[in-house]
Amino acid sequence: MTNDASSLYAKTNGNECGRTGASTSSMEGKNGKSSKDKKGRKEKKKEKIEMKKARKKARKDKKRWKDGHERPGAGWCDCITNDHNHSSRVGRSSEVNVERMEVSTKEKEKEREKKVAENTQGSQKRKSKNLDADEDEDEKARDKSRKASKKKRRRREGDAGCSKILLQTDDVENNDEEYDGAPCHHQSERAAGGETTRRQHFPFEYRHILAPMVGASELAFRLLCRKYGATLSYTPMMNASQFVREAAVVAANLSNKGEVNVGRGGGGGGGGGDDGYEKYDYVASSNICEFQTIPSDRPLVVHFAANDPSDFAKAARLVEGHCDAIDLNLGCPQRTAYIGHFGSYLLGNDDRELILDIVRAGRDAVSIPIFVKIRLLDTIEDTTKLCKQLRDAGASLIAIHARYRASWERTSSGARDGPALLDQVNAVKRSMGPDFPIISNGNVITYDDVVSNMKYTGADGIMSAEGILDNPALYLPRLGNATDDGCREIPIPILSPLCKDGNHRRCPVDGGNSNEKAIRKLRKKLREVEAIERKIEEVGEGGINDDQRFKLRARSKLLAELKQLEDLMARTSEGDHRPDNTSRQIPPPTESVRLSELYEAASDKLVLACEYLSLVRLYPMKIRSVIFHVRRMCRDVLERYQLMEECVSCGTIDEVEAVVRKCDQYAKNPDTFHFDCLRAKRDKEALEAKRREEGKRRAYEDRMTRKAKREGLADLDHYLRIGAEVPSVEIIARLKGAPREVRLAAWKKDHSQHCMSYHLEDGGCKRERACAFLHVPAKDTRKFDEDDEVAG
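Taking the numbering used here, the leading residue of the sequence shown gets 479, the next gets one more, and so forth.
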């Protein structure tokens, strides 16, 4: 034992050791302080420090023992305490006993540390075992709760007599870092404790959605968005009552085989389906021409605006065999919705039972899910209550546009053009729980917005309207990174015309594309693959390039497509035709393309516009919708080269395409473009005039609201609903030739908010800016009014 330890031993054991030390010190000289005195003071100081450390360590050991660890073996301090009497007798001169004690102390210290380590490891195992047991109990409780709710839902659906699709569940974990990658049909959520809870899902993917838009989510645009990453699409908003009134036209187009023609397209193509897609041969219908579909256009949600339960149920039955879900519009903020009393204007308390009856009627009428799209109510509590009522009425999914239902007086967050209130979507989602799908809509312009929106709100999917109009490839990054995954094959919908069973039919637009021609192409590709395989046998895999490897990987898919086409041809020749209502179970036909090719095309908006125009030639749509999409996709380029006005005035697809080609020419040869100052001035004046009319509109709304308050009307919007309709070009032409009394009566009835002189007088309105009535240009069926027609 060292001298320091001996000193500490003597200090610990009381007076006897102290007397020994005193006698030793007395042997020193009486005069001055010797070197031994200095050394003694240093030793005492060292002893104090060692004692403090020893006491601190003893306290720690005692605490560990109280916390549940095994009591440690006796250390050297414990040994000192236990052997106090013996050490007092021996004194400092007993060096042999002290050294023996030190050896024993070291051995006991090692033994103690070993036991503490073993005890710690055992404690961790016990804790882990207890946690696993708790998780098992929690999982059993959740399973029991889910089974009870599922049983209750089945009983409710059975009482309603509805053979609704049962939503399944699955234990698939969802990594938050990877959810924006490959498509995921199951949705899951990690709870606070780290466990994974199961969630309802449909037999289709609903994570990246193209929103319903009036006149803007038509077939051609849906197919373009699907190619670049959208997994679920909605049709344009259609009026259910008008759709049902035209049921006689639908019935007249039913074939002997029970095939329903769906969608005319508003231009081009005759009856009979020879141009490759199902269609209504009816030009005058404003609703039916909005509904076009092909087998590649799946999964599809048909979007109806309705204020009558019976009409909604009938319209749902008409389209049930051609879609995967039916959606009720409770979010449209347009003035037409205000006048017709549908959309977001049904969200008031007075119409609550009506919209619940509409959902129930749809649920009882069809076997596919009923979705609902809503806007925010005045408080989070009201919105949550509405969502729960819709769920109980039979809604299977709710999409929430995170802006308020009425925006007459709102100009900041939550207004129609203001920032979306995503925190309210998050609150509703947490209240509804993980088992009910909630879709977030709003503030989505880029793919980074998609990722951040989904993480912030906790929503099960993202719906985009404005962002995807500007960039149809908004969802493309979900398929992978162009650098790392550029050579990966991506299945995209086949965009060529198809009949309902997947067959390629002869199409007058593209010069013919029969089954025989498709089979010949597939066999040609397979011959190329066989040649590549022979080359590998001769020179090895190092002798082929990346393109040949890509073709080689597609061999199995080509064989499957060839077999499918040959089987379809055999069935057709034997007269075997599938019933129309089985189309939901047939997977949409796809083809493969490299991801790098998609990224290359998506980087150029002019290329996207050309793709869209080629699809419009296959599936014709109203020219104003075509113009609108090209304007949105190529806005920056059109404004840069001052071609926006020329684009808006186009009357045919050829003229629109010529404008796009002109943009491309200017982009490749900038020296050929010359800036027109006069045109720029006209564009600026037109923008100022539009802003003035918006200000006059707000002032008129304030006056009419004050008038209703003065008269004590319960409905403050009463006068805003009267005469709000914008006159069309045809109405203006008809009224100009009518007597003055007839013009006044017709104008007062339907267009009283608008200036009659501005529309009917040869010189226009003489008061111009001072006029209190609206100076809104007459509606032209050829043009697309973006502000009035895009539903959010």
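Quick reminder that beta carbons are idealized off the backbone N, C-alpha and C, glycines included.
1) Should ARG1336 go down as buried or exposed, given a rule of 16 or more other Cβ atoms within 10 Å for buried?
2) Smallest Cα separation from PRO787: which of GLU798, ALA843 and SER774?
3) Under 8 Å by Cβ, that's how I've got ARG869 and PHE820 pegged, so tell me the actual separation to the nearest angstrom.
4) Alpha helix (DSSP H) containing TYR1144: first to last residue?
5) On a CA-only basis, which of LEU1000, SER1127, LEU1191 and ARG1118 is nearest CYS1155? Give me that one, please.
6) What do you reckon, are the CB atoms on ASP829 and SER719 nearer than 8 Å?
7) Around the Cβ of PHE680, are there at least 16 other Cβ atoms within 10 angstroms (buried) or fewer (exposed)?
8) Can you tell me the Cβ-Cβ gap for VAL922 and THR861, rounded? I've got them flagged as a contact below 8 Å.
9) When burial is assigned at 16 or more other CB atoms within 10 Å of the CB, is ILE527 buried or exposed?
10) Would you mind reading off the limits of the alpha helix (DSSP H) that contains ASP1161?
11) Over what stretch of residues does the alpha helix (DSSP H) that includes LEU1073 continue unbroken?
12) My assumption, with CB atoms under 8 Å, is that ASP775 sits in contact with ARG700. Please give the rounded CB distance.
13) Taking the beta carbon of PRO777 as the centre, do at least 16 other beta carbons fall within 10 Å, making it buried, or is it exposed?
14) Have a look at SER1074, ASP926 and ARG1175 and flag the residue whose alpha-carbon is nearest the alpha-carbon of LEU1198.
15) Which first and last residues belong to the alpha helix (DSSP H) in which MET715 is found?
16) Check PRO773 in the structure and name its three-state DSSP category.
17) Tell me where the beta strand (DSSP E) around ARG853 begins and ends.
18) Let me know if THR935 comes out buried or exposed under the rule of 16 or more other beta-carbons within 10 Å of its beta-carbon.
19) Return the bridge partner residues of LEU778 from the DSSP annotation.
20) When you compare only the Cα positions, how much space is there between PHE782 and GLY818?
21) To which residues of the same chain is ALA1250 closer than 6 Å at the C-beta, ignoring the five residues directly before and after it?
22) Does the beta-carbon distance from ASN460 to ALA880 come in below 8 Å?
23) Give the C-beta separation of LYS1257 and VAL1204 to the nearest angstrom, bearing in mind that I take them to be a contact with Cβ-Cβ under 8 Å.
24) Is it buried or exposed, ALA794, if we count other Cβ atoms within 10 angstroms and call 16 or more buried?
25) Under DSSP, the alpha helix (DSSP H) around TYR904 begins and ends at which residues?
26) Taking the alpha carbon of ALA689 as the point to measure from, which residue in THR713, LEU702 and LEU697 has its own alpha carbon closest?
27) Helix, strand or coil for ASP1024 per DSSP?
28) Where DSSP assigns a beta bridge to HIS800, which residues make up the other side?
29) For the ligand ZN, is there a heavy atom less than 7 Å away from the beta-carbon of LEU1040?
30) Counting C-beta neighbours from all protein chains within 10 Å, is the total for LEU1191 16 or more, i.e. buried, or is it exposed?
31) Short check: CB of LYS851 to CB of GLY896, under 8 Å?
32) Counting only the same chain and skipping the five closest in sequence on each side, list residues whose C-beta sits under 8 Å from that of LEU832.
33) Can you give me the Cβ contacts of VAL1254 inside the same chain, cut-off strictly under 7 Å, excluding the 5 residues immediately before and after it?
34) Have a look at GLN1042 and SER1103 and give me their C-alpha separation to the nearest angstrom.
35) In three-state DSSP terms, what is ASN807?
36) Answer with buried or exposed for SER1127, where buried requires no fewer than 16 other C-beta atoms within 10 angstroms of its C-beta.
Judging by the given coordinates:
1) No information on residue 1336 is available, as it lies outside the stretch 479 to 1270 that the chain covers here.
2) The residue you call residue 787 lines up with position 309 of the sequence shown. Cα-wise, what sits closest to PRO787 is ALA843.
3) Walking along the sequence shown from the start, residue 869 turns up at place 391. Walking along the sequence shown from the start, residue 820 turns up at place 342. The beta-carbon separation of ARG869 and PHE820, rounded to 21 Å, does not stay under the 8 Å limit for a contact.
4) Looking up residue 1144 in the sequence shown gives position 666. Per DSSP, the unbroken alpha helix (DSSP H) holding TYR1144 starts and ends at 1131-1146.
5) For this step, residue 1155 is matched to residue 677 along the sequence shown. Check the Cα spacing between CYS1155 and each of LEU1000, SER1127, LEU1191 and ARG1118: the tightest is with ARG1118.
6) Counted from its first residue, the sequence shown places residue 829 at position 351. Counted from its first residue, the sequence shown places residue 719 at position 241. For ASP829 and SER719, no; Cβs fall outside 8 Å.
7) Numbered from 1 along the sequence shown, position 202 holds the residue referred to as residue 680. Result: buried.
8) The residue labelled residue 922 in the question sits at position 444 within the sequence shown. The residue labelled residue 861 in the question sits at position 383 within the sequence shown. Not a contact, Cβ separation roughly 19 Å.
9) The sequence position of residue 527 within the sequence shown is 49, counting from 1. With fewer than 16 other Cβ atoms inside 10 Å of its own Cβ, ILE527 counts as exposed.
10) Counting from one through the sequence shown, the residue named residue 1161 turns up at place 683. 1155-1188 is the extent of the alpha helix (DSSP H) around ASP1161.
11) As a first step, residue 1073 must be located in the sequence shown, where it is residue number 595. Residues 1073-1080.
12) Here residue 775 is taken as the residue at index 297 of the sequence shown, counted from 1. Here residue 700 is taken as the residue at index 222 of the sequence shown, counted from 1. With a Cβ gap of about 6 Å, ASP775 and ARG700 count as contacting.
13) Within the sequence shown, the letter at position 299 stands for residue 777. Classification of PRO777: buried, given that the 10 Å Cβ count is 16 or more.
14) Along the sequence shown, read from residue 1 onward, the residue named residue 1198 stands at position 720. In terms of CA proximity to LEU1198, ARG1175 leads the group SER1074, ASP926 and ARG1175.
15) Against the sequence shown, residue 715 aligns to sequence position 237. Segment: none, MET715 is in no alpha helix (DSSP H) and carries neither H nor E.
16) Numbered from its first residue, the sequence shown carries residue 773 at position 295. In the structure shown, PRO773 sits in coil (DSSP, three-state: anything other than H, G, I, E or B).
17) Taking the sequence shown and counting its residues from 1, one reaches residue 853 at position 375. For ARG853, the uninterrupted beta strand (DSSP E) segment begins and ends at 848-854.
18) As a first step, residue 935 is located in the sequence shown; it is residue number 457 there, counting from the start. Buried: at least 16 other Cβ atoms inside 10 Å.
19) Locating residue 778 in the sequence shown gives position 300, where the first residue counts as 1. According to DSSP, which records beta bridges pairwise, LEU778 is partnered with SER711.
20) Position 304 of the sequence shown, counting from 1, holds the residue named residue 782. Position 340 of the sequence shown, counting from 1, holds the residue named residue 818. Annotation: PHE782 to GLY818 spans about 14 Å, alpha carbon to alpha carbon.
21) Here residue 1250 refers to the residue found at position 772 of the sequence shown. Cβ within range, chain order: n/a, list empty.
22) Residue 460 is absent from the structure shown; the chain starts at 479 and stops at 1270.
23) Translated into positions along the sequence shown, residue 1257 becomes position 779. Translated into positions along the sequence shown, residue 1204 becomes position 726. Going by Cβ atoms, the distance from LYS1257 to VAL1204 rounds to 5 Å, so yes, they are a contact pair.
24) Counting from one through the sequence shown, the residue named residue 794 turns up at place 316. Here ALA794 is buried, its C-beta having at least 16 other C-beta atoms within 10 Å.
25) The residue given as residue 904 occupies position 426 in the sequence shown. Reading off the sequence shown, one finds Asn at residue 904, where the question assumed Tyr. Boundaries of the alpha helix (DSSP H) around ASN904: 900-910.
26) One-based indexing of the sequence shown puts residue 689 at position 211. Per the Cα distances, THR713.
27) Sequence index remark: in the sequence shown, residue 1024 carries index 546 (1-based). ASP1024 falls in the helix class under three-state DSSP.
28) The residue labelled residue 800 in the question sits at position 322 within the sequence shown. Residue pairing from DSSP leaves HIS800 without any beta-bridge partner.
29) In terms of ligand content, the structure shown is empty, and the ligand ZN therefore cannot be addressed.
30) The residue you call residue 1191 lines up with position 713 of the sequence shown. LEU1191 comes out exposed.
31) Within the sequence shown, the letter at position 373 stands for residue 851. Within the sequence shown, the letter at position 418 stands for residue 896. Contact annotation: LYS851 and GLY896 have beta-carbon atoms that are not nearer than 8 Å.
32) If you number the sequence shown from 1, residue 832 lands on position 354. These residues qualify, in order along the chain: ASN785, PRO787 and LEU824.
33) Walking along the sequence shown from the start, residue 1254 turns up at place 776. Same-chain partners within the cutoff: GLU1171, VAL1204 and HIS1232.
34) Within the sequence shown, residue 1042 is the residue found at index 564, counting from 1. Within the sequence shown, residue 1103 is the residue found at index 625, counting from 1. Computed Cα separation, rounded: 36 Å.
35) Residue numbering aside, residue 807 sits at position 329 when the sequence shown is read from its first letter. Of the three classes helix, strand and coil, the one that applies to ASN807 here is strand, per DSSP.
36) Along the sequence shown, read from residue 1 onward, the residue named residue 1127 stands at position 649. By the 10 Å Cβ count, SER1127 comes out exposed.
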